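Participant:
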Amino acid sequence: MHQGPFEKFHGRRPLWTVVVLKLVLVITALALLGQANAIFSLGIPVLVLHVGALAAIAILVIWPRAHGSLAVATEKSIPGAAKTPHIGILLHSAALYDTLAWILTYGRERAFREKMLSFARLKPGEAVLDVGCGTGTAALLAKQRVGPAGRVDGVDASAEMVARATAKSRRAGLSVSFTNATAQQLPYEDGEFDVVLSTLMLHHLPKTGRAEFGREAFRVLKPGGRMLIVDFAKPPRQKRIFRLHRHGHVDLDKVAADLGQHGFKIVEQGDVGAKRLRYLVAQPR
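Add 141 to the 1-based position in the sequence shown for my numbering, that's all there is to it.
#1: Using alpha carbons as the reference points, say which of 327, 418, 421 lies closest to residue 353.
#2: Considering only the beta carbon of each residue, do residue 290 and residue 266 sit closer than 7 Å?
#3: Rounded to whole angstroms, what's the CA-CA distance from residue 242 to residue 250? Just pull it up for me.
#4: Tell me whether residue 368 sits in a helix, a strand or coil according to DSSP, three-state version.
#5: Under 7 Å Cβ to Cβ from residue 413, same chain only, skipping five residues before and after it: list those, please.
#6: For the alpha helix (DSSP H) containing residue 260, list its first residue and its last residue.
#7: In chain order, what residues of the same chain have a beta carbon less than 6 Å from the beta carbon of residue 235, not counting five sequence neighbours either side?
#8: Looking at C-beta atoms only, is the number of pairs between the segment 334-346 and the segment 356-363 that lie closer than 8 Å three or more?
#9: Going by beta carbon distance, what residues of the same chain come within less than 8 Å of residue 397, once the five residues before and after it are set aside?
#10: Pop quiz: residue 373 and residue 417 are said to be a contact at Cβ under 8 Å. What is the actual Cβ separation, rounded to whole angstroms?
#11: If residue 288 sits next to residue 325, beta carbons under 8 Å apart, how far is it from one beta carbon to the other, in whole angstroms?
#12: Quick one: residues in its chain with C-beta nearer than 6 Å to the C-beta of residue 293, no 5 flanking neighbours on either side, listed in chain order?
#13: Just to confirm the assignment, what range does the alpha helix (DSSP H) spanning residue 351 have?
#14: With burial defined as no fewer than 16 other Cβ atoms inside 10 Å of the residue's Cβ, what is the status of residue 262: buried or exposed?
#15: Tell me where the alpha helix (DSSP H) around residue 284 begins and ends.
#16: Give a yes or no on whether the C-beta atoms belonging to residue 345 and residue 390 are separated by under 7 Å.
#17: Just the Cα atoms here: how many angstroms apart are residue 320 and residue 278?
Printed below as a string of structure tokens:
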């Protein structure tokens, strides 16, 4: 029998029940926190904004799961990844990714990416590698900072993301090379880059994958180079009922400790300024 998108299974539950349960959970949480009345009292525009955000999340996360656009990547899905059995959570739907990024940043994705890049302190002429580059927005901004004498490469485990990033670079007239590859097996020689970027990528990797990425980042960095990691911090006292997404955060303190084992020293860390977003800058010792 043919299964529609809302009849497929998400774990042990039908997918449509996951959608309903998550929406009910959000509404219940708002009510318990005393925020529901406040949202309704602000009027229709604010209500529409919140509903739109929920719909966008459903479109990007739930609908792609039903259609195979969101998947756990394996060695069979990525060229040259035969040694990596579990690559991580992989988003294929590039157009939907850009749409959600626009919605969740209130149309200010460029400013949001610029803010994250500011912590890397990119200089003209530097060689930069953006790992988990997505559709290339940050990589293109990085290219503008390093200038014609600089070099920017981007890698992503999704071929669709790479294709969209390449198209965007051509439209922008910027020379950026994008490659379909994984964070655990970077297709570059030792010491090729001054800077490695990981912005909102690390939470997609399993714990073993994060360690492998740390080793690879250390390998491709030049002596005196640096790595910038920006990601969602683990919320304090997170209860099981609120764990909507198992891969939705990283413990950056643990990441910092692990990087020390891979030859890095942490030179800077702090809050990005957006809710739950933190950054750290590491250098090879």
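Ideal Cβ positions, reconstructed from N, Cα and C, are used throughout, including at glycine.
What you are looking at is a predicted structure, and each value in this text was computed from that prediction instead of being measured.
Facilitator: Let me lay it out:
#1: If we check each option's Cα against that of residue 353, 327 comes out closest.
#2: A contact, by the Cβ cut-off of 7 Å.
#3: If I take the Cα positions, the gap works out to 6 Å.
#4: It is a strand residue.
#5: Short of 7 Å from the beta carbon of residue 413, and not among the five residues preceding or following it, lie these beta carbons of its own chain, in chain order: 256, 257, 371, 419, 420.
#6: That residue, residue 260, is in no alpha helix (DSSP H); it is neither H nor E in DSSP.
#7: Same-chain partners within the cutoff: 276, 301, 302, 305.
#8: Between the segment 334-346 and the segment 356-363, the count of Cβ pairs shorter than 8 Å is three or higher; the stretches touch.
#9: Once the five neighbours on either side are set aside, the close Cβ partners of residue 397 are 407, 410, 421, 423.
#10: With a beta-carbon spacing of about 5 Å, residue 373 and residue 417 fall inside the 8 Å limit used to define contacts.
#11: That pair is no contact at about 30 Å.
#12: Excluding sequence neighbours, residue 293 sits near 269, 280, 283, 284, 317.
#13: Unbroken alpha helix (DSSP H) run through residue 351: 348-361.
#14: Burial call: exposed.
#15: Per DSSP, residue 284 belongs to the alpha helix (DSSP H) from 278-287.
#16: The Cβ atoms of residue 345 and residue 390 lie no closer than 7 Å to each other.
#17: Between residue 320 and residue 278, the C-alpha separation is close to 15 Å.
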